[in-house]
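Residue numbering for the sequence shown follows my numbering, starting at 492 and increasing by one per position. Built from N, CA and C at the ideal position, the CB exists for glycine as well. Report on the structure given below.
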Amino acid sequence: MEFGIGRRQFVGGLALLAGGPAWAQQVGKPPRLPGYPFTLGVAAGDPDPSGFVIWTRLAPLPGLPLAGLEPLAYPVAFEVAADEGFSRIVQRGEALARPELGHSVHVTLVGLEPGRPWHYRFRIGDAVSPTGRARTLPAAGADIAQVRLAVAGCQDYQSGLYTAYADIAQADVDALFHYGDYIYEGGSSASRTDWDSGELRASVRLHDATTTFSLDDYRRRYTLIRRDPDLQAAHASTAFLCSFDDHETSNNWVGDTDQGNTPPEYFRLRRAAAMQAWYEFMPVRADAVPVNGFSGPWRQYRFGRLLDARMLNTRNWRTDQPCSDRYGTICPEVARKDAEVLGATQEAWLVKGLRSSPARWNALLQQIMMMDLDRARADTRGINPDTWAGYQVPRDRLLNSLGGVPNLVVLTGDEHQHFAGEVRPTAARPDAPPKAIEFVTTSISSGSDGPGERREHAEVLRRNPGLKYVRDERGWSLMTVTPGGWQADMRVIDTIRRAGGKATTAASWRVPAGSLRLERVG
Ligand SMILES: [Fe+2]
492 MEFGIGRRQF VGGLALLAGG PAWAQQVGKP PRLPGYPFTL GVAAGDPDPS GFVIWTRLAP
552 LPGLPLAGLE PLAYPVAFEV AADEGFSRIV QRGEALARPE LGHSVHVTLV GLEPGRPWHY
612 RFRIGDAVSP TGRARTLPAA GADIAQVRLA VAGCQDYQSG LYTAYADIAQ ADVDALFHYG
672 DYIYEGGSSA SRTDWDSGEL RASVRLHDAT TTFSLDDYRR RYTLIRRDPD LQAAHASTAF
732 LCSFDDHETS NNWVGDTDQG NTPPEYFRLR RAAAMQAWYE FMPVRADAVP VNGFSGPWRQ
792 YRFGRLLDAR MLNTRNWRTD QPCSDRYGTI CPEVARKDAE VLGATQEAWL VKGLRSSPAR
852 WNALLQQIMM MDLDRARADT RGINPDTWAG YQVPRDRLLN SLGGVPNLVV LTGDEHQHFA
912 GEVRPTAARP DAPPKAIEFV TTSISSGSDG PGERREHAEV LRRNPGLKYV RDERGWSLMT
972 VTPGGWQADM RVIDTIRRAG GKATTAASWR VPAGSLRLER VG
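Encoded structure:
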C-alpha cells in the first residue's frame, strides 16, 4: 500500500549519482512557497534492518489554513547519506506532499545496510530541511553487544517545557519508544490542580484553542507541539517507535467508547479525525494509514538476536474499563470473563511470538501498567481500572500462557511517574517467581514538576511488595540491553517550569539475564 509517496519514492541512489542530473533538477517545479516550509522539522521511525520511514510536513505559515499552501500536491526531494556532511549519498528520490494528508510526507526507505546510522534531509525549491539521523535495525540473527532504547511519552504542552527531549537528543540512542499521549486534547487552560498537593498551578504555556474534535483541531494541536525545538531535536536524533494512548483522541477511550457517554457512532467520527492527524504527524509505516477511520497497528522490532521488542495496541480492542473507571476502587467487574485488553488476534500473535522467540531478551512496548498495584488510600484494596489491573482474566491468561519465556521486560508509560517492579498473576504469592519485570517511564511534562517522593509513596510500596521503586518527577528512561543484563536509567529533570532545567539519573536498576530480579545499581 502506498500513501503520500511519489512515483520515485525509492530510487537506487548510486545509479543516479553515476549519470543523473543534479539533485535540485530532479524535482518538478513546485508552486511558489510563501515561506520556509520545514518549520515542523523532520523525523524518522519504524526501522527495520533495511530502512525506516522518513517524515516531514510542509508548513510555511503554520498558523494559517493549509499552512499557507495551495490545495495541490507538492513534490519534495529527499536524500539519504552515509555521513553527516552528505558527501556519501546512497539514496535520493522524490515524494509528494499531498493536501489530503495536510502536506505531510512519509517515505519508506528500503535497501539500506543494517545496523548503522544514516542521515537524511528534504528539499523543495531552494529550501533545505534540517538534517535527521536514524539507525537501521541490526540484521536478523546478528550477534550484537548492546541496544540503547529511550522510552518517553505523556507530553502535555501546557504543563511544562520539553527539556527531557533535549536530553534525549544528546543521548545517541538506537531508537525511542513513544508510549503515547503525544498531544492532549484539552483546550487552553490557565491553571490546573496538582495531583499530589491539590494546589492550583499556573500553566507554563498554553494550547492555542479549545478541545479538539475535528481534523483541523487535531492538526492545529500537533502543529503547535511539533514547533517545539527540543521535540524537533529529539525527532531528528533517532528513529521513533510510535504508538498512541488515549489523549491523542480523548481521555481514557477504549474500543468505540469514550468517557463522555458519546454515542459510539459519533465517537468513531472524532476518533477518525484524531487518527488521521496522528498518522499525518508520525513517522510510521503505510499500514498505519487509517482505513474507514480506524488505525491500530501492532509491530515487532528485532534487534538481531539480542532483543525482540513487540509494540502493543491496548486501546482499540479493549473492553470498557470496570468500576466506572474510578481510580482507587475495585468491583466484581475486574474479573469479567469476556474482558479483553488486546483482542483475540493481537493476543494470539503476541503469545505465539513470545513462546517461539529466539531472542536473548523480549520486551513488550505498551501503554498501560501491567502490575496490578493496590492504589487505595483507604483500608480496602483499590486499583487503577485503566490499567491491566482492571482486566484480571486477560491479564492472567497472558501471564500464565508465557510459560518459560525468559528475560521478559515490560515497558509502559501513562502513569506520569517512574516505577520498577515485578509482574505476577493475580493469585500468585508475593514470593513466587515473577513472569516479567516492568519499568514504567514517567512523563516528559504531564503533571509539571513533581515532588520526587509523594506523601502516598511509602504506603504504596508497603502494600505492593513486588513494587521496588516509584518516583514522581518529569523525564524519560534509557534502557541499555546487553547479553548479560538489562539496565534502566531513570532520567529526571529538576524543573520544566523554566528553561535551563538539569537532567540527572534519579536511579538505575539492573535485571541480570536469566533471573527476573531487580538490583539497584545507582
Ligand atoms: Fe498521559
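Check: Element boundaries [beta strand (DSSP E), containing residue 844]; Outcome: Here residue 844 belongs to no beta strand (DSSP E); instead the alpha helix (DSSP H) covers 835-846.
Check: Under 8 Å between C-beta atoms of residue 759 and residue 747; Outcome: yes
Check: Collapsed DSSP secondary structure at residue 861 in the structure displayed; Outcome: coil
Check: Heavy atom of ligand 1 within 7 Å of residue 645 beta-carbon; Outcome: yes
Check: Counted within 10 angstroms of its Cβ, other Cβ atoms place residue 846 as buried (16 or more) or exposed; Outcome: exposed
Check: Helix, strand or coil at residue 493 [DSSP, three-state]; Outcome: Caution is warranted here: a pLDDT of 30 is assigned to residue 493, below 50, making its placement in the model unreliable, and no coordinate value can be reported.
Check: Proximity test, residue 738 beta-carbon vs ligand 1 heavy atom, cut-off 7 Å; Outcome: yes
Check: Span of the alpha helix (DSSP H), counted from its first residue to its last, around residue 987; Outcome: No alpha helix (DSSP H) contains residue 987, which DSSP labels as neither H nor E.
Check: Cβ contact (3+ pairs, closer than 8 Å) linking the segment 915-923 and the segment 981-992; Outcome: no
Check: CB contact flag (residue 858, residue 670, <8 Å); Outcome: yes
Check: Cutoff 8 Å; reference residue 492; Cβ partners in own chain excluding five residues on either side; Outcome: Below a pLDDT of 50, predicted positions are generally treated as unreliable, and residue 492, at 29, falls in that range; no measurement from the model is reported.
Check: Residue 905 Cβ short of 7 Å to ligand 1 heavy atom set; Outcome: yes
Check: Straight-line gap, residue 588 to residue 565 (C-alpha atoms, nearest Å); Outcome: 5 Å
Check: Distance between residue 539 and residue 635 (C-alpha atoms, nearest Å); Outcome: 15 Å
Check: Contact test: residue 688 Cβ vs ligand 1 heavy atom, cutoff 7 Å; Outcome: no
Check: Beta-carbon gap between residue 970 and residue 903 smaller than 8 Å; Outcome: no
Check: Inter-stretch contact at 8 Å, needing at least 3 Cβ pairs: the segment 633-652 / the segment 929-939; Outcome: yes
Check: Length-filtered (4 minimum) alpha helix (DSSP H) runs lying within the segment 881-905; Outcome: 883-892
Check: Element boundaries [alpha helix (DSSP H), containing residue 728]; Outcome: 720-728
Check: Validate contact between the segment 543-558 and the segment 594-607 using beta carbons, cut 8 Å, 3 pairs; Outcome: yes
Check: Candidates 792, 687, 945, 680, of which the one nearest residue 638 by Cα; Outcome: 792
Check: Residue 949 (DSSP reduced to helix, strand or coil); Outcome: helix
Check: Delimiting residues of the alpha helix (DSSP H) encompassing residue 714; Outcome: 706-717
Check: Length of the line joining the Cα atoms of residue 973 and residue 1001; Outcome: 11 Å
Check: Nearest residue (CA-CA) to residue 1004, options 949, 962, 985, 928; Outcome: 928
Check: Segment contact flag, the segment 752-767 with the segment 816-826, C-beta cutoff 8 Å, min 3 pairs; Outcome: no
Check: Reference residue 913; option with closest CA among 522, 882, 952; Outcome: 952
Check: Proximity test, residue 672 beta-carbon vs ligand 1 heavy atom, cut-off 7 Å; Outcome: yes
Check: Chain D within 8 Å of residue 959, Cβ atoms only; Outcome: The structure shown has no chain D; it contains just one protein chain.
Check: Candidates 804, 724, 533, 678: closest to residue 878 by CA position; Outcome: 804
Check: Beta-carbon proximity list for residue 1013, same chain, < 6 Å, skipping 5 on both sides; Outcome: 999
Check: Local conformation of residue 773 per DSSP, three classes; Outcome: coil
Check: Cα-Cα separation between residue 756 and residue 674, rounded to whole angstroms; Outcome: 23 Å
Check: Start and end residues, beta strand (DSSP E) containing residue 656; Outcome: Taken as a continuous stretch (DSSP letters only), residue 656 belongs to no beta strand (DSSP E), being part of the alpha helix (DSSP H) at 654-660.
Check: Spatial distance of residue 883 from residue 816 (CA atoms); Outcome: 15 Å
Check: Environment of residue 720 [buried if 16+ CB atoms lie within 10 Å]; Outcome: exposed
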